[in-house]
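K.L.:
Pasting a structure below so you can have a look.
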């Protein structure tokens with residue numbers, strides 16, 4: 003019988019190039035190599051029967067739990083059996099000095115004696131390729147073709163025990179007594195080793211790397227207190243989604259984890275959306291991490307110098323690849339039989355006008371004018387000029403609807419933001435700009451939104467011009483500075499969204515209540531719930547904000563990880579996991595709530611997510 007773990011039972015490890023999902027039974031079920039957007043070597047999270055995995059666990063029945071070493075992305079799974087207790091420590095070193103891409107697993111007996119078993123079953127190219135296993139000195143090599151050839155891909159497994167080859171699978175059984183350890187190393191296209199001293203040094207360096215990077219609260223920090231650990235964990239997740247070489251940031255490390263179990267809303271999020279990345283660097287900046295902003299903008303500006311603003315896509319590969327053709331992998335059954343499994347993303351071809359405002363907002367909030375040269379300003383200025391030309395066009399919007407373009411209110415608001423922040427950048431940093439034209443266009447957009455985007459009968463901003471549907475993006479209207487929080491239209495909109503989009507007064511907010519051109523339903527969107535927290539906190543409705551924040555955070559995994567959505571009926575995590583949007587929302591909501599609880603009148607510049 004096939005078996006899938008609930009998403010909340012997975013931890014995430016990574017090396018700033020790719021990530022792996024590890025469940026609380028010691029099984030790595032997802033690992034693309036060499037990059038997060040590459041084909042996967044372990045894919046059993048999307049097909050438990052045929053997808054491939056790497057499992058280490060006791061042979062006897064056990065209870066287990068997972069935790070991270072404090073301030074790191076080093077994962078520890080502890081198994082309790084009748085005969086003893088063991089722990090498996092999983093991590094991927096951040097590469098430097100020519101270090102190989104590798105997954106390290108240390109198995110240590112804490113007390114008693116425990117018999118363990120290892121099953122290593124890589125299946126290349128999303129489980130489409132063959133797996134040829136060969137025993138070698140120090141371990142086994144598994145390749146997808148005759149080795150060595152130029153186009154053969156392989157992984158090498160080294161370990162401190164003897165391996166048995168069983169067809170395309172590698173197995174081992176051994177016992178450990180208290181204080182004994184065994185190391186295993188999976189190396190990608192390298193012949194690795196599992197020398198205990200070398201492995202221990204790699205572990206120490208990895209722990210030091212993450213602890214040196216992780217946020218720590220100075221005196222008076224707004225994250226200090228009950229929100230601190232959640233915010234720090236969110237920052238560590240967001241860092242894992244950042245590519246160390248390019249600076250690009252992916253939306254999630256997974257593909258096709260369903261928004262509705264058994265449904266078709268299954269998408270590949272392993273790419274860099276301009277929108278998602280822009281807000282991610284803002285959240286990281288709030289945690290004190292500013293280097294990521296510089297790296298990301300270097301990546302984006304390289305794109306923008308090569309592409310005219312009219313040609314910019316909403317998303318790219320992490321190395322800047324524009325061709326992300328969406329296709330289905332029909333040989334995979336999907337997580338809990340939710341098909342199709344998709345790779346690539348057709349949203350690359352959509353018009354999404356909101357991305358320009360979100361980008362300009364991030365540039366203004368997280369960078370200094372000294373960081374940009376005239377050539378960079380030409381690219382930014384070109385974007386603002388493009389917004390002047392297209393703001394009145396319909397688009398697919400932030401939610402990437404597939405039912406045809408509309409005049410989405412959020413897209414119009416973010417076009418206003420692009421012009422407003424473009425003007426402020428030019429003024430504060432001393433760049434030349436056609437300010438008269440930009441001011442006129444900005445004010446024209448503002449007036450049209452108030453006239454066509456607010457429905458007096460409903461008492462709320464609506465999703466698109468002429469519709470009666472509500473959209474949680476309206477919660478951002480005061481946060482980005484379009485209207486003040488005390489404006490009646492803002493407060494009425496908050497109340498209307500709570501009335502129509504919030505599930506059972508528990509703070510779980512759906513994205514919208516209209517149609518989107520896709521069959522099936524979806525869960526509550528985590529980022530929308532955190533937008534509600536931010537809007538309430540900054541409105542002075544602190545008790546409401548706190549209640550919603552605590553309710554949403556109660557749905558996080560035991561490790562503090564959040565998926566894209568939450569099922570309001572069951573509390574189950576849904577969608578790609580963990581999701582940058584969700585953790586961005588948590589960081590910003592925690593910041594604003596912490597400041598509001600302290601009664602601080604001065605808040606940081608308003609941000610979009």
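In the numbering used here, the protein residues as written are 3 to 611. Just so you know, even glycine gets a beta-carbon here, dropped at the ideal spot from N, CA and C.
(1) With DSSP run on the structure shown, which of helix, strand or coil describes residue 322?
(2) Looking at C-beta atoms only, is the number of pairs between the stretch 71–87 and the stretch 570–579 that lie closer than 8 Å three or more?
(3) Assuming residue 109 and residue 85 make a contact with CB atoms under 8 Å, what is their CB distance in whole Å?
(4) Candidates 170, 290, 451 and 76: which alpha carbon is nearest residue 205's?
(5) Enumerate in chain order the residues of its own chain whose CB-to-CB distance from residue 329 is below 8 Å, with the five nearest sequence positions on each side excluded.
(6) Using a Cβ distance threshold of 8 Å, determine whether the stretch 576–590 contacts the stretch 252–265, with at least three qualifying pairs required.
(7) Give me the Cβ distance between residue 508 and residue 536, rounded to the nearest whole Å; I'm assuming they're in contact under 8 Å.
(8) Output the residue ranges of the beta strand (DSSP E) runs that lie fully inside the stretch 174–201 and measure 3 residues or longer, sorted by chain position.
(9) Can the beta-carbon of residue 126 be found closer than 7 Å to that of residue 155?
(10) Straight-line CA distance for residue 223 to residue 589?
(11) For residue 608 and residue 594, what's the separation of their Cα atoms in angstroms?
(12) Roughly how far, in whole angstroms, is the beta-carbon of residue 213 from the beta-carbon of residue 73, given that I think they are within contact range, below 8 Å?
(13) Starting from the Cα of residue 339, find the closest Cα among 200, 268, 596 and 367 and give me that residue.
(14) Report the residue from 341, 417, 170 and 569 whose alpha carbon sits nearest the alpha carbon of residue 449.
(15) Candidates 444, 525, 38 and 32: which alpha carbon is nearest residue 248's?
(16) Going by the beta-carbon positions, is the gap between residue 122 and residue 159 smaller than 7 Å?
(17) Look up residue 168 in the DSSP assignment and give the residues it is bridged to.
(18) Per the DSSP calculation, residue 612 is bridged to which residue(s)?
(19) Using CA coordinates, which residue listed in 23, 30, 32 and 51 is at the minimum distance from residue 5?
(20) For residue 252, name the three-state secondary structure that DSSP assigns.
(21) For residue 315 and residue 376, I'd like the C-alpha separation in whole angstroms.
(22) Report buried or exposed for residue 59, applying the criterion of at least 16 other Cβ atoms within 10 angstroms of its Cβ.
(23) Short of 8 Å in beta carbon distance, which residues of its chain neighbour residue 88, apart from the five on each side in sequence? Order them along the chain.
(24) For residue 83, which beta-bridge partners are listed by DSSP?
(25) How close, in whole Å, do the beta carbons of residue 45 and residue 334 come, if the pair is a contact with beta carbons under 8 Å?
(26) With which residues is residue 204 paired in a DSSP beta bridge?
(27) Beta-carbon separation of residue 43 and residue 95 under 7 Å?
(28) Report yes if the C-beta distance between residue 239 and residue 217 is below 7 Å; otherwise report no.
(29) Which residues bound the beta strand (DSSP E) around residue 123?
(30) Mapping DSSP to helix, strand and coil, what is residue 342?
(31) By the 10 Å Cβ neighbour count, where 16 or more other Cβ atoms means buried, how is residue 423 classified, buried or exposed?
(32) I need the DSSP call for residue 526, collapsed to helix, strand or coil.
(33) Figure out for me which residue from 278, 430, 241 and 426 has the closest Cα to the Cα of residue 441.
(34) Can you tell me where the alpha helix (DSSP H) holding residue 494 begins and where it ends?
(35) By the three-class DSSP mapping on this structure, what secondary structure does residue 21 have?
(36) Go to residue 301, then tell me how far its alpha helix (DSSP H) extends in each direction, as first and last residue.
P.N.:
Reading it off the structure:
(1) coil
(2) no
(3) So it is not a contact: roughly 15 Å between Cβ atoms.
(4) 76
(5) 344, 345 and 346
(6) yes
(7) At roughly 17 Å, the Cβ-Cβ gap does not stay under 8 Å, so residue 508 and residue 536 are not in contact.
(8) 183–190
(9) yes
(10) 13 Å
(11) For residue 608, the predicted model reports a pLDDT of 40, less than 50, meaning its position is unreliable and no value from the coordinates is stated.
(12) 4 Å
(13) 268
(14) 417
(15) 38
(16) yes
(17) 171
(18) In the structure as shown, the chain begins at 3 and stops at 611. Residue 612 is therefore absent and cannot be evaluated.
(19) 51
(20) coil
(21) 23 Å
(22) buried
(23) 60, 80, 81, 109, 110, 111, 112, 116, 118 and 178
(24) Answer is none; residue 83 lacks a bridge partner.
(25) 7 Å
(26) Beta-bridge pairing links residue 204 to no other residue.
(27) no
(28) no
(29) 104–123
(30) coil
(31) buried
(32) strand
(33) 426
(34) 490–502
(35) strand
(36) 293–308
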